[in-house]
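As they're listed, the protein sequences go chains Z and R.
Count along the first sequence from 1, then add 10; that gives the number in my numbering.
Count along the second sequence from 1, then add 172; that gives the number in my numbering.
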Amino acid sequence: MRLGGARLRERWDGTGRAARWTAAGSALVLAGGAAAWGLAAGDAPVRSRAQTVRVVDGPHDDQRVALDTTFFPPAGGGKGPAIMLGHGFGGSKDDVRADAEALARDGYAVLTWSARGFGRSTGQIALNSPDYEVKDARQLIDWVARQPEVALDGPGDPRLGMAGESYGGAIALMTAAYDRRVDAIAPQITWNSLPDVLFPNYAGGGPATGVFKRLWAGIFFSAGGQRQGDACGRFLPSMCALYQRVAEAGRPDDDAIATLRRSSPASVIDRIKVPALVVQGQADSLFPLDQGDANARGIARNGAPVSVVWYQGGHDGGDAETARVRGYLRSFFDERLRGRGGGPAGFTVTRASGIDSSTQQVSVEAATARAYPGLRANLRTLPLSGREQPINNPAGGSPASISALPGLGALGGLGDLGAGALAGGGLAVDMPGQSATFDTAPLAEPFRLTGAATVRIRVSGASGTGQDGAPLFAKLYDVTGQGAASPARRIADPVRIDATARGGEADVTLPAMDYRFDAGHRLRVVVSTTDMGFATPAKPAAYKVAAVSGLSVPAVPALRAPAAPLPAWVWALPAAALAAALAIALTGRGRRRAAGEFDADRADVPLEITGLTKAYKNGHLAVADLSFTVERGQVLGLLGPNGAGKTTTLRMLMGLIHPDAGEIRLFGHRVTPGAPVLSRLGSFVEGPGFLPHLTGRDNLDLYWRATGRPRDAAHLDEALEIAGLGAALDRAVRTYSQGMRQRLAIAQAMLGLPDLLVLDEPTNGLDPPQIREMREVLVRYAAAGRTVIVSSHLLAEVEQTCTHAVVMAGGRRVAAGPVAEITGSGRRLEDAFLEIIGEGP
Amino acid sequence: MSGEQGGATAAAAARDGGAPGYDVRRTLPLRVEAVRQFRRRRTLVAFAILLMLPWILVGAFKIGGDPGREGGAPGLVDVATASGLNFALFALFVATGFLLVVAVALFCGDTVASEAGWSSLRYLLAAPVPRGRLLRQKLAVALGYAAVAVLALPLMSLVAGTAGFGWGAVSLPTGGTFPTGQALGRMGVIIAYSLVAQLVVAALAFLLSVTTDSPLGAVGGAVGLVIVSNILDAVTALGSWRDLLPTHWMYSWMDALQPQIQWTGMAKGTALSVSYSLVLFALAFRRFRTRDIVS
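If you want it as structure tokens, here you go:
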């Protein structure tokens, strides 16, 4: 296992992804994986040189160590400022290759190295000791200064930044304290004081009275390369002995504290006077936010500019936000090593703002403030309820409460979204009888706590407590309106308070965090006797715990997250679409403008067709230069063989087909699609058209209502009489025979007694008596001064009904006039017709 | 449309040539079109399915017991039985991708194509109902039915869910809860967005409806294109190109189920849906206006 290395991340990234709120059950909406723009094309190739650099270190400068390094010159060529990238504990230079390549691509000369005792470097681990690792780093700076691709501030003094996570971040801080040539540092998720990290006491007693962070210390130590039969791995023997001593005792001795302090930036913080970017993780129970706070404030006290970033990740896992953190590092070094503006803000906190449902990723926003105000800004006090409560330390210290576990931080981001209860749901967090709880009143409005809350507690009534007082664990919970409680952050702050019969009081600092408590929620302080991550006494004991102050909570209202800007296309696209839609809908309209054109002289001419021409898309000329006129009172027969263009003509007459040339006038009005004059036309063309699910009566009724004309103008009864459907009128049309539909359609054409009636093959499907009846109807209809046009191929039929006829063939008019004229004397229409269309005898 | 001087009705009628009492503004009233569509079996079946599905789902949960958690991913199904509101959200979730798409495509895709199929279209146009007006009235009624369909499912789910699982706060899959007041507000946002998101399906179906004489082709074509869009959406290699797929943002209403509403996805989805719809509707009108009706 590596600390601060990529492997922890990778492992828990998987957990995070699984825990993301995926749209279960939908196979079509697949969770988008990581963004597809990884190492896309277009990245300049990065060269690198692996090299062994020999250094001499040790308290007496007599130990020879070969360090395994890789040097990445600026990808674009030329000289660039140098950046030394350290790796996490248990890792090697290979862990930071991707970061190094990214920086080299940005024009930096980057050196990565495996620290002594790691990777292929020789030597033993001394925990970033000034006698060992710091001396190594200083000699690496000498080496960097000799590289021709590195920009120099002076002879042997490169323009130099140092960065790294965890172990690699601490060496950046330590080297900056011991070597003036370091110009800027960006330590990430690292420690300020190692003794306070391993033996924390958040009641202020110092590491001597601290509680041993057993789980993390063990993981930390075992990452130093243990093998079977070799308990010390690659640790310096004195370091190994120190660890074994304190781990066995569960408490530090003075020598251990002194040694660990020498490996801590805290011991030399007053000597770090270079600009710093302190990146600390919100999911980090090993080096919590207070460690970064101590580093930042210590450096700022020396007058150096400091920016602080709290991101989602950390040693516990969580979102590594690699791209965002890299961006901050780059802008920081650009500002400090290359003098470009636009470095990171004084204080940046990333917050889970929600889940992007289209990618199923937690979306994270960055809130920034100009300056870093520390962990105790804008304090206010929330009263706590809860009387003094008795709690027990179980014999053997088991079962222990669980707060932080390496990796559980992966759920931290979701916790901020109200998922805390879910995260804790499967895990018993607090054992019964072991914890006291103190609640605030429900919040009237949402409250975002940024920093570390404090509360004064009193512990007393101890039986069986040790000589140092009782180790207790203070945590902050978020309690919903329904009473469901979950840790705001999965971090417990251990304290040790004198708990003899007389009792003791102490101000307890709760874990530092950035967390939003919703309106209606309560803040809950939990004080428990055990925690899985820490060494607790095996001896059973009972205490009484009381909160003697309110909860003092910090906030940084200056932190503002810019509203996630909507991409410009969100506004531009609909506007462009509207413009396009108008262009589409309003162009090509020309042929409609002629509507309403009226020739008053022809107001009495029911139909006048002039030069009508229509060619279909396939080139077939259906109607060619057709002209004829129908006078009032005529019953005109439109005759012609199949394909003569009769139906096409009638469709143009109804405004269904656009003529290519020529015009049709009804009562002087030019026919265009939807021309109002069509309301004086009743038509039945190419078969009936009814809604099959409606009855015959409803069809006629709804059709008439669709014309929008007054109901009493319909003359429905006369039409129904012509249809002669009887009781069938109230059956659905789909049950009708073809003849019944035919009659209903003719009735529909006659609704409103139109001035011009056009019937296409009206006698199809009628029996002889009905045909005879229909003939009489048409004659009567015309006799009342209206006009009828009948298209038919039954010539005998036409002969008996029509006064006039127009004969078409091949789209042209071949004859027109009174029927008697066309037939001539004594001929039957059939003979005349065949002769006219050229197939006669 | 008639005279500019507004003379006597008869004179006006004479001038535009219409029969006495004919007024283009009174043709194909919405009520008439609504009645014509409503009595169709397909309308009634569609609504029957949408209104019965919630009760079937309630029955399924009652028989099958509480939804078990499978795998690590919490979803709306895990909290479907927490309350009536939760159940309504779950029903909307399972219906968004296909059932509502089919319902919307049915109402908007069938409306003109079925008239063409029955040949009744030519008689309406010769009545005459001007083409633009016919399309407008039909679109309004079709969108109305589609909207009622999209509303009917969550509302009936609310009734069924409340009957089955009681009235209460909404439990979020991520573990939080909304009080009922806030939840109803969010529900409104969700339904409103669902309507907007389905607009693109409506527009696509409508365009196909004026293009083909086969109602099945129009409805099936629209549903088919939605399926193709969904399949493309699953091709992660397309990267951000997928953002332009009409169905990519269909589930963005789930962003309203977070402690703070995430508007970005819904804003993008709305922009895209409205844009596609505007263009598709415009194409439909242009096409219908200039088309020769040969059905």
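Beta carbons: idealized from backbone N, C-alpha and C, even for Gly.
Treat the numbers as computed from the prediction; the structure is a model and nothing was measured.
Quick one: what does DSSP say residue i is sitting in, helix, strand or coil?
{"i": "Z/R512", "result": "coil"}
{"i": "Z/A241", "result": "coil"}
{"i": "Z/E673", "result": "strand"}
{"i": "R/T253", "result": "coil"}
{"i": "Z/F527", "result": "strand"}
{"i": "R/L429", "result": "helix"}
{"i": "Z/F82", "result": "strand"}
{"i": "Z/D104", "result": "helix"}
{"i": "Z/K554", "result": "strand"}
{"i": "Z/S413", "result": "coil"}
{"i": "Z/V489", "result": "strand"}
{"i": "Z/P778", "result": "helix"}
{"i": "Z/K89", "result": "coil"}
{"i": "Z/Y188", "result": "helix"}
{"i": "Z/N403", "result": "strand"}
{"i": "Z/Y321", "result": "strand"}
{"i": "Z/P567", "result": "coil"}
{"i": "Z/D206", "result": "helix"}
{"i": "Z/M441", "result": "coil"}
{"i": "Z/E455", "result": "coil"}
{"i": "Z/E771", "result": "coil"}
{"i": "R/S447", "result": "helix"}
{"i": "R/F261", "result": "Per the sequence presented here, residue 261 of chain R reads as Leu, with Phe not at that position. In this structure, R/L261 counts as helix in the three-state DSSP scheme."}
{"i": "Z/P577", "result": "coil"}
On the CB-based measure, 16 or more other CB atoms within 10 Å of its CB, does residue i come out buried or exposed?
{"i": "Z/L750", "result": "Note that residue 750 of chain Z is Met in the sequence shown here, rather than Leu. With 16 or more other Cβ atoms within 10 Å, it is buried."}
{"i": "R/F210", "result": "exposed"}
{"i": "R/M224", "result": "exposed"}
{"i": "R/W425", "result": "buried"}
{"i": "Z/D105", "result": "buried"}
{"i": "Z/S232", "result": "exposed"}
{"i": "R/G178", "result": "Note that R/G178 scores a pLDDT of 36, beneath 50, so its modelled location is shaky and nothing firm can be said."}
{"i": "R/I235", "result": "exposed"}
{"i": "Z/G650", "result": "buried"}
{"i": "Z/T62", "result": "exposed"}
{"i": "Z/A793", "result": "exposed"}
{"i": "Z/A529", "result": "exposed"}
{"i": "Z/D740", "result": "exposed"}
{"i": "Z/E455", "result": "exposed"}
{"i": "Z/H860", "result": "Past the edges of chain Z, shown from 11 to 851, lies residue 860 of chain Z, and the structure says nothing about it."}
{"i": "Z/P547", "result": "buried"}
{"i": "Z/W47", "result": "At Z/W47 the pLDDT is 33, less than 50, meaning the model places this residue with poor confidence and gives no usable figure here."}
{"i": "Z/V154", "result": "buried"}
{"i": "Z/V66", "result": "exposed"}
{"i": "Z/V192", "result": "buried"}
{"i": "Z/A573", "result": "exposed"}
Please compile the residues from chain B whose C-beta is within a distance smaller than 7 angstroms of the C-beta of residue i.
{"i": "Z/Q492", "result": "Here chain B cannot be found, since the structure's protein chains are Z and R."}
Worksheet item: Where are the beta strand (DSSP E) runs, 3 residues long or more, that stay fully inside the stretch 327 to 380 of chain Z, in chain order?
Response: Runs found: 357 to 366, 371 to 379.
Worksheet item: At a Cβ cut of 7 angstroms, what residues of the stretch 304 to 315 of chain R count as close to chain Z, listed as they run along the chain?
Response: Cβ contacts with chain Z: none found.
Worksheet item: For the stretch 652 to 709 of chain Z, which segments carrying the alpha helix (DSSP H) assignment without a break, of at least 4 residues, lie completely within its bounds, in sequence order?
Response: Fully enclosed alpha helix (DSSP H) runs of 4 or longer: 656 to 663.
Worksheet item: Of the residues that make up the stretch 195 to 207 of chain R, which ones have a beta carbon closer than 9 angstroms to any beta carbon in chain Z?
Response: Answer in chain order: D195, V196, R197, R198, T199, L200, P201, R203, V204, E205, V207.
Fill in: Inter-stretch contact at 8 angstroms, needing at least 3 Cβ pairs: the stretch 751 to 758 of chain Z / the stretch 688 to 702 of chain Z
Enough Cβ pairs lie closer than 8 angstroms, so yes.
Fill in: Short-range partners of chain Z found in the stretch 416 to 433 of chain R, where Cβ spacing is below 7 angstroms
Flagged, chain order: H420, W421, Y423, S424, M426, D427, Q430, P431, Q432.
Item to complete: Using a Cβ-Cβ cut-off of less than 8 angstroms, give me the residues of the stretch 355 to 371 of chain R that come near chain Z, in sequence order.
Response: So nothing in the stretch comes that close.
Item to complete: Would you check if there are 3 or more beta carbon pairs closer than 8 angstroms linking the stretch 561 to 578 of chain Z to the stretch 445 to 464 of chain Z?
Response: The stretch 561 to 578 of chain Z makes contact with the stretch 445 to 464 of chain Z; the number of CB pairs closer than 8 angstroms reaches 3 or more.
Discussion item. So if I threshold CB-CB distances at 9 angstroms, which residues from the stretch 280 to 295 of chain R count as touching chain Z?
Written reply: The stretch 280 to 295 of chain R vs chain Z, Cβ under 9 angstroms: S286, E287, W290, S291, S292, L293, R294, Y295.
Practice prompt. Pull out every residue of the stretch 566 to 580 of chain Z whose Cβ sits closer than 8 angstroms to any Cβ of chain R, in chain order.
Written response: Along the stretch 566 to 580 of chain Z, going in chain order, the ones with a CB nearer than 8 angstroms to a CB of chain R are A574, L576, P577, W579, V580.
Item to complete: Report yes or no: do the stretch 270 to 280 of chain R and the stretch 647 to 665 of chain Z share at least 3 C-beta pairs separated by less than 8 angstroms?
Response: Judged by Cβ distances under 8 angstroms, the stretch 270 to 280 of chain R makes no contact with the stretch 647 to 665 of chain Z, as fewer than three pairs qualify.
Discussion item. Check whether the stretch 276 to 287 of chain R and the stretch 251 to 263 of chain R are in contact - that is, three or more C-beta pairs closer than 8 angstroms.
Written reply: The stretch 276 to 287 of chain R makes no contact with the stretch 251 to 263 of chain R; the number of CB pairs closer than 8 angstroms stays below 3.
Item to complete: Evaluate contact between the stretch 370 to 380 of chain Z and the stretch 340 to 350 of chain Z, counting only Cβ atoms and requiring at least three cross-stretch pairs below 8 angstroms.
Response: Proximity of the stretch 370 to 380 of chain Z to the stretch 340 to 350 of chain Z falls short of the contact definition, fewer than three beta-carbon pairs being nearer than 8 angstroms.
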